[in-house]
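Shown next, in structure tokens, is the structure this report addresses.
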Amino acid sequence: MHLSEQEIQRRSDREELEKLGIDPYPSETFPVNVSTRDIHENYEKRKMDYKDISLAGRMMSRRIMGSASFAEIQDSRGRIQLYVRRDDICPGEDKTLYNTVFKKLLGIGDILGVKGFVFTTQTGEISIHVKKLHLLSKSLKPLPVVKEKVDEAGNLQTWDAFTDHEQRYRQRYVDLIVNPEVRNTFVQRTKVVNSIRNYLNDRGYLEVETPVLQPIYGGATAKPFKTHHNKLDMSLYLRIANELYLKRLIVGGFDGVYEFAKDFRNEGMSRFHNPEFTQVELYVAYKDYIWMMDLVEKMVEKVALDLHGTTEVQVGENVINFQRPWKRYTMFEAIEHYTGVDISGMDENQLRETALEMDLELDGSMGKGKIIDEIFGERCEPHLIQPTFITDYPIEMSPLAKKHRSKEGLVERFEAICNGKEVCNAFSELNDPQDQRERFEDQLELGKRGDEEAMVLDEDYLRALEYGLPPTAGLGVGIDRLVMIMTNQNSIQDVIFFPQMKPEKKAEVSSVQDYIDHGVREELVPILEKLGIQTIIQLKELNPNKLFNDVCGMRKKMKLKEVKNPTLDEVKAWVEALN
RNA sequence: GAUUCCGUAGCUCAGCUGGUAGAGCAUCUCCCUUUUAAGGAGAGGGUCCUGGGUUCGAGCCCCAGCGGGAUCACCA
70 MHLSEQEIQR RSDREELEKL GIDPYPSETF PVNVSTRDIH ENYEKRKMDY
120 KDISLAGRMM SRRIMGSASF AEIQDSRGRI QLYVRRDDIC PGEDKTLYNT
170 VFKKLLGIGD ILGVKGFVFT TQTGEISIHV KKLHLLSKSL KPLPVVKEKV
220 DEAGNLQTWD AFTDHEQRYR QRYVDLIVNP EVRNTFVQRT KVVNSIRNYL
270 NDRGYLEVET PVLQPIYGGA TAKPFKTHHN KLDMSLYLRI ANELYLKRLI
320 VGGFDGVYEF AKDFRNEGMS RFHNPEFTQV ELYVAYKDYI WMMDLVEKMV
370 EKVALDLHGT TEVQVGENVI NFQRPWKRYT MFEAIEHYTG VDISGMDENQ
420 LRETALEMDL ELDGSMGKGK IIDEIFGERC EPHLIQPTFI TDYPIEMSPL
470 AKKHRSKEGL VERFEAICNG KEVCNAFSEL NDPQDQRERF EDQLELGKRG
520 DEEAMVLDED YLRALEYGLP PTAGLGVGID RLVMIMTNQN SIQDVIFFPQ
570 MKPEKKAEVS SVQDYIDHGV REELVPILEK LGIQTIIQLK ELNPNKLFND
620 VCGMRKKMKL KEVKNPTLDE VKAWVEALN
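Residue numbers (the working numbering): 70 to 648.
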């Protein structure tokens, strides 16, 4: 493994610490009695309470000014400045702890425990005057150092920010250490989930768990991930939704169930799509979609209030206001409003023509429902910035929703659209088993026409419906997208800790032992590595005379006086062994 | 999957028409009793993503690949 200069330095610092009898990874607990946030919030009010404090965290900066130093330590809540004076942490004659350990062997990124008292410096910064200093964990990787300053206007300026998306997502731990707003986004994410969970629990709905591995996937139109169970020797699918299982539970007699579900869809990725994502689905017996619209409005309004204390949320250029009531359009009204065309009476051919006139791309597998969905998705959805309910969808695109009580060809379904994207989907659940069977059969037909997302027929679900599903309202809320809006993030990757990425490629590198086994003296290995040789195989292609010269030259350049040069015969042996 | 942009030191980024690689921070050494992104002085640090090609000569030009971003498509 190739180590950078700084990594080698840190490994050597670690060894020096051990030689001084300091365990770089001690096992004893370090008692903490205060957080940085507690100090910042309460010190001014209750100064006497902060005379004997104990705090742990990661050292983020260090400024040495002779026999006194300043450092910043970061815990899970924030940062605070440390004031470390030589004669305080080294009261006796031996000044090693300050001069050697603190000034030389510790570094940015190390996790420290400190004991002392809180005070305010001459420049007015609340700080900890350190009396005792403990190393709790030595960091061997240099941390990207981000400097920040609040200017007179109150704006946060940053220098050398850690911004590379690939590194931030692959090494989220580093992202979290150096970019505090990232941590905050994820705290907010959990608040969104808690807010919804509390809302639903307060109404007496039961949080449940249903299978992730499903023999028949269902509940949505999407392509699944397929896997295999060895002992049962059968195919299983990672769920694309949990809808059908939750409704089985309503059949079983629960009157309100919900689940925060990780769902998996084997489709494209974008800033709105990760292969695994989170939805909360809720089913409530003896209710309909109109009732559910009220619930969504109240619940999401509460989420905004819980997070921000207001119903208004800044999202990109827009301020989105979640205050009830939200606008409501039927799907046909929305299309007419944004395109001027009334499609409510059209058959499939007329719809196809209309869509083509709007320059939309269609393919042969698209039925009536998909075409309408295409028109809506292209011409209406992007315009819907403020939260808006779209109701009464065509029956063809909603195989699990109940027929509309009064409008022919439609179902009792709504979506809430916000910032141009769907954030939830709900309907009065179809509970007529015969109708449901026919809808599944229509889906099979679509599947035969080439629609890869068409649903498959689930006999067990139909059997459950035959026992009788009460009238039920169902809801799915995309948590990732709701969090994106609530936290003003532009990409789903910024609200998922570990978004899916291609694996990092590992460069093939021979180990020192590989070289020794090949007859290369250990002390010569760093020279070969320095010459850019990664694997022993590479030696095969080299001219032994040139390699001999290069090794001797590099030994001189690296000033390795104690290393004996190889002989030409030695080098020839390395190369010939491979040819 | 398509289009397009990007990949240079631990981090952020320069690098001209092709002429053997630079800055700030970080690191190291020395000096220094309270500083506010930054105390002073000095030093070291590079597979210029990878592999081919063109050329006397490639970080730069051409081709292929890998990884990532953005937009579009599919979708939530």
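Beta carbons: idealized from backbone N, C-alpha and C, even for Gly. Model, not experiment: these values are computed from the prediction.
Cβ pair residue i, residue j closer than 7 Å
i: T98; j: A354; result: no
i: V525; j: I149; result: no
i: V369; j: F391; result: yes
i: I404; j: F445; result: yes
i: L124; j: A140; result: no
i: I554; j: N500; result: no
i: T105; j: R146; result: yes
i: F188; j: K120; result: no
i: I195; j: Y112; result: yes
i: P238; j: P568; result: This sequence places Tyr at residue 238; Pro is not what is there. Yes, the Cβ-Cβ distance between Y238 and P568 is below 7 Å.
i: L429; j: E443; result: yes
i: F458; j: M361; result: no
i: V492; j: G547; result: yes
i: V632; j: E592; result: yes
i: V261; j: V552; result: yes
Rounded straight-line distance, which links the Cα of residue j to that of residue i
i: G182; j: N102; result: 11 Å
i: G176; j: P635; result: 38 Å
i: P463; j: N343; result: 28 Å
i: A373; j: V564; result: 16 Å
i: F88; j: N168; result: Strictly speaking, residue 88 in this sequence is Lys, with Phe absent from that position. Near 15 Å, if we compare the C-alpha coordinates of N168 and K88.
i: N494; j: I133; result: 58 Å
i: G135; j: Y242; result: 33 Å
i: Q143; j: L282; result: 41 Å
i: V319; j: R508; result: Correcting the residue type first, residue 319 is Ile in the shown sequence and not Val. Each residue's Cα considered, the two are about 21 Å apart.
i: V349; j: M570; result: 24 Å
i: G378; j: I561; result: 24 Å
Exposure of residue i, with buried meaning 16 or more beta-carbon neighbours within 10 Å
i: V199; result: buried
i: E713; result: Because the chain in this structure spans residues 70 to 648, residue 713 falls outside the shown range and cannot be described.
i: R482; result: buried
i: Y358; result: buried
i: V640; result: buried
i: E426; result: exposed
i: Q512; result: buried
i: T165; result: exposed
i: R550; result: buried
i: Q503; result: exposed
i: T192; result: exposed
i: K437; result: buried
i: F401; result: buried
i: A646; result: exposed
i: F566; result: exposed
i: V256; result: exposed
Proximity winner among the options, relative to residue i (alpha-carbon distances)
i: I389; options: E235, R132 and P456; result: P456
i: R272; options: K367, T254, T192 and G178; result: K367
i: D244; options: L212, L282 and G126; result: L212
i: E484; options: L544, L616 and R506; result: L544
i: G287; options: L301, N270 and L305; result: L305
i: G519; options: G337, L205, Q226 and K439; result: K439
i: H473; options: I486, N248, F496 and K490; result: F496
i: D649; options: P293, L479, M400 and N263; result: Given that the chain is displayed from residue 70 to residue 648, the structure contains no residue 649 and the question cannot be resolved.
i: E447; options: A424, G337 and S208; result: A424
i: E336; options: F294, E312, T347 and H406; result: F294
i: S339; options: V632, N559 and V589; result: N559
i: E312; options: L209, T460, D527 and T556; result: D527
i: H203; options: A470, V277, I158 and A646; result: I158
i: P394; options: Y584, G409, K371 and E465; result: K371
i: V410; options: C449, D332 and V594; result: C449
i: R317; options: V170, G537 and L515; result: G537
i: F341; options: L515, S96, K490 and Q75; result: K490
Neighbourhood of residue i by C-beta distance below 6 Å, restricted to the same chain and skipping five residues each side
i: A289; result: I309 and A310
i: K356; result: A542
i: D82; result: L174
i: I180; result: R127, L205 and S206
i: A291; result: I309, R334 and E522
i: V277; result: V326 and E328
Same chain only: Cβ atoms within 8 Å of residue i, ignoring 5 sequence neighbours per side
i: Y274; result: G325, V326, Y327, L351 and V353
i: D229; result: P213, V214, V215 and K216
i: L72; result: R80
i: K116; result: V187
Close beta carbons around residue i, own chain, < 7 Å, minus the five adjacent residues each side
i: I108; result: Y119, I149, V187 and I195
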